[in-house]
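Since the structure comes first, as structure tokens, the remarks are kept for the end.
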Amino acid sequence: MADCIFCKIIDKKIPSKFVYEDDLVVAFEDINPQSPVHTLIIPKKHIPTMLDMQEEDYQVIAHLFKVANKIAREKGIADRGFRLLTNCNPEGGQIVYHLHFHLMGGRQMRSPFG
């Protein structure tokens with residue numbers, strides 16, 4: 000999608016600090032981190048929200064979880080714990096309408112969310 004900031008990052012039209020890339024997903028550091036480790040993991044296919052996923056997208060999302068596992072281990076937060084979350088639509092806090100997951104850790108996470 001031409002005006003999607005994440006699509007521009009995927010296409011390397013906007014510089015970003017990639018920590019992972021393959022044929023299906025990319026992962027990069029959040030420019031406004033909310034924790035010591037704050038990495039965004041996104042499918043390369045433009046999917047606006049989790050509600051827009053099609054049957055063929057579920058395989059990509061499973062792969063995204065595998066990548067999150069790998070990054071959490073590489074960043075040293077797997078054993079202590081981390082948060083993997085996505086937001087959906089305005090009341091869910093979604094700002095960029097390209098499905099993405101936040102991998103956050105490196106400190107004690109607080110609840111409730113928000």
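Throughout the sequence shown, residue numbering follows numbering that gives the first Met the number 0, covering 0 to 113 in sequence. For each residue, glycine too, the CB sits at the ideal point set by N, CA and C. Quick caveat: nothing in here was measured; it's all calculated off a predicted structure.
Can you list, in chain order, the residues of its chain with a C-beta nearer than 6 angstroms to that of residue i? Leave out the 5 residues immediately preceding and following it.
i	result
ILE8	SER15
ALA67	ILE40, LEU83, LEU102
SER110	none
MET108	ARG82
Give me, in chain order, the residues of the same chain whose beta-carbon lies closer than 8 angstroms to that of residue i; leave out the 5 immediate sequence neighbours on both sides.
i	result
TYR96	CYS3, PRO47, THR48
PHE17	VAL25, ALA26, PHE27
PHE20	In the sequence on display, residue 20 carries Glu and not Phe. Cβ within range, chain order: ALA26.
Which residues in the same chain as residue i place their Cβ atom closer than 7 angstroms to its Cβ, once the five residues preceding and following it in sequence are excluded?
i	result
MET0	CYS6, HIS45
ILE76	VAL36, GLY104, GLY105
ASP22	none
LYS43	ILE9, LEU23, VAL24, VAL25
Give the straight-line distance between the Cα atoms of residue i and residue j, rounded to the nearest whole angstrom.
i	j	result
ASP78	GLY104	11 angstroms
PHE81	LYS12	30 angstroms
ILE70	GLU55	24 angstroms
ASN86	ASP10	23 angstroms
LEU98	ILE30	17 angstroms
GLN33	VAL59	26 angstroms
GLU73	TYR57	25 angstroms
GLN93	MET52	16 angstroms
LYS65	GLU90	28 angstroms
So, helix, strand or coil for residue i, using DSSP?
i	result
PRO47	coil
PRO32	coil
PRO89	helix
ILE13	coil
ILE41	strand
According to DSSP, which residues form a beta bridge with residue i?
i	result
GLU20	VAL25
ARG82	MET103
HIS62	DSSP lists no partner for HIS62.
Am I right that residue i and residue j are in contact with their C-beta atoms under 8 angstroms? What's the rounded C-beta distance?
i	j	result
LEU50	PHE100	Contact doesn't hold; Cβ gap of about 15 angstroms is too wide.
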